[in-house]
Amino acid sequence: MEMIIFDTQQELDAYAAELFVGIVKEKPDAVLGLATGSTPIGIYDKIVELHKQNNVSFKDVTTFNLDEYVGIKPDNDQSYAYYMKQHLFSHIDIPENQIHLPNGMASDVELESNAYDAMLEARPVDIQLLGLGHNGHIGFNEPDVNLSGGTHVVKLKEETREANARFFDSMDEVPEYAITMGVGSILKANTIVLAVRGADKAEIVKEALTGPITTNVPASLLQTHARVIVLLDREAGRMLS
Ligand code: GLP
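Take any residue in the sequence shown, note its place counting from 1, add 4, and you have its number in this note's numbering.
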């Protein structure tokens, strides 16, 4: 596991963006695994900047997002589909049919999950961006005695709903369920970039990266992957070493 601790958020964002843009330059039809939350926003801003400055084209790129809320329409500004459009897709030249997010409005979620996994099988992810939940979740894979390998619907923990309530008008509006890629699918990516910032994540960063590998800390399973690049700001990395 490679780990870099950055002095500033800007440096972390620039480094992560270069990793993604670097892959696209090398392999114009790369498959990118993407994440939401507040951490990736600066990374996406930087990718957009690099796209505009260096003429890097995303016209042959395919993307898969980790997760989506159940019951929120893609045009709702709380959906992850909306977030991705706002922060990345509307600023780059990627064709819409090459963008994939799990459909949180699917009437048959099992069918939707299987279809998502089939697409991931056909187009394996070259580089996957991940954030980290306070309880160690990745995507929306919450701590549990068992973890699912493939895409599935998950009931969100109260602590996750509370953490994400800041994006909603009230706690009641925070969805109770989400559809997420499973840990098994996440671990199939060729390279995984875990980006974490903030003092409030320092403890879980330490647990996930140096603690026992356990389904109670889903991110700890990243320790089993051959190519994980961990990008931290000083605060998130303060309990390491
Ligand atoms: C959500 C997302 C995760 C993300 C996490 C942390 O729960 N489903 O993929 O990693 O939030 O987000 P933040 O970066 O806002 O702390």
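Glycine included, every Cβ here is placed at the ideal spot set by N, Cα and C.
Query: According to DSSP, simplified to helix, strand and coil, what is Glu15?; Result: helix
Query: Can you round the beta-carbon distance between Phe10 and Leu16 to whole angstroms, since I take them to be within the 8 Å contact cut?; Result: 4 Å
Query: If you pair each beta-carbon of the region 158 to 167 with each one of the region 113 to 130, do three or more pairs fall below 8 Å?; Result: no
Query: Could you compute how far the alpha carbon of Asn59 sits from the alpha carbon of Lys89?; Result: 20 Å
Query: Starting from the N-terminal end, write out each residue whose C-beta falls within a distance shorter than 6 Å of any non-hydrogen atom of ligand 1.; Result: Ala39, Thr40, Gly41, Ser42, Thr43, Leu70, Asp71, Gly135, Leu136, Gly137, Gly143, Phe144, Thr164 and Asn168
Query: Alpha carbons only, please: which of Val197, Val28 and Met5 is nearest the one belonging to Asp97?; Result: Val28
Query: Ends of the beta strand (DSSP E) at Leu214?; Result: Strictly speaking, residue 214 in this sequence is Thr, with Leu absent from that position. No beta strand (DSSP E) holds Thr214; the alpha helix (DSSP H) holding it covers Ala206 to Thr214.
Query: Give the DSSP bridge partners of His156, in chain order.; Result: Thr184
Query: Which term fits Met175, buried or exposed, when burial requires 16 or more other beta carbons within 10 angstroms of its beta carbon?; Result: exposed
Query: For Tyr73, which beta-bridge partners are listed by DSSP?; Result: Ala182
Query: Mapping the DSSP letters down to three states, classify Gln132 as helix, strand or coil.; Result: strand
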